[in-house]
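Visitor: The structure under discussion is supplied below as structure tokens; questions concerning it will follow.
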Amino acid sequence: MNGKYAIVLKSPMGPKKGYISLSKLNNSIEGSLDCLGKKHLFSGTISETGRLSLKGILHSPLGEEPFLILGTLQENVMTASFKRRNESYEILGLRIEE
Numbered sequence: 002m003n004g005k006y007a008i009v010l011k012s013p014m015g016p017k018k019g020y021i022s023l024s025k026l027n028n029s030i031e032g033s034l035d036c037l038g039k040k041h042l043f044s045g046t047i048s049e050t051g052r053l054s055l056k057g058i059l060h061s062p063l064g065e066e067p068f069l070i071l072g073t074l075q076e077n078v079m080t081a082s083f084k085r086r087n088e089s090y091e092i093l094g095l096r097i098e099e
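Sequential numbering of the sequence shown, starting at 2, is according to the numbering used here.
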């Protein structure tokens, strides 16, 4: 589960490529979302079955706003949804580094 994942965020403006880095300690997890030229830190939890819940702050030219990532990690694959305000986008990822 620890490692770096190459991701695609499916947005209304087309797919956006980026990375999610994860570091797990027991049931806690922290890391960063690198997308759109910025690094956004997050923390959260992961269950023994791979369900994850991550919360962080999105930094944009319009200011800062909270985001939530809910999904699953199975082997080397991440499937999740990225939520901010009333919007939700699909994230698909594949682990590329330990």
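Positions of the beta carbon are idealized from the N, C-alpha and C atoms, including for glycine. Nothing here was measured: the structure is a model prediction, and the numbers come from that model.
May I ask you to list the residues that DSSP assigns as paired with Met79?
Guide: Its beta-bridge partners are Leu74 and Gly94.
Visitor: Excluding the 5 residues preceding and the 5 following Asn28 in the sequence, name in chain order all residues of the same chain whose CB lies nearer than 6 Å to its CB.
Guide: Hits under 6 Å: Thr46.
Visitor: When DSSP labels each residue in this structure, what does Arg86 get in the three-state scheme?
Guide: Arg86: coil per DSSP, three-state reduction.
Visitor: Counting C-beta neighbours from all protein chains within 10 Å, is the total for Met14 16 or more, i.e. buried, or is it exposed?
Guide: Met14 should be labelled exposed.
Visitor: Looking at Ile70 and Ala81, is the spacing between their C-beta atoms short of 8 Å?
Guide: Yes.
Visitor: Beta carbon of His41, beta carbon of Gly57: below 8 Å?
Guide: Yes; because the gap between Cβ atoms is below 8 Å, this pair is in contact.
Visitor: With a threshold of 7 Å on Cβ separation, who are the neighbours of Glu91 within its own chain once the five nearest residues in sequence on each side are excluded?
Guide: Same-chain partners within the cutoff: Lys11 and Ser82.
Visitor: Run through DSSP, which three-state label would Gly38 get?
Guide: In the structure shown, Gly38 sits in coil (DSSP, three-state: anything other than H, G, I, E or B).
Visitor: Using the beta-carbon count (16 or more within 10 Å), is Leu26 buried or exposed?
Guide: By the neighbour-count rule (16 or more Cβ atoms within 10 Å), Leu26 is not buried but exposed.
Visitor: Is it the case that the Cβ atoms of Glu99 and Gly4 are separated by a distance below 8 Å?
Guide: Their beta carbons are under 8 Å apart, which means Glu99 touches Gly4 by this criterion.
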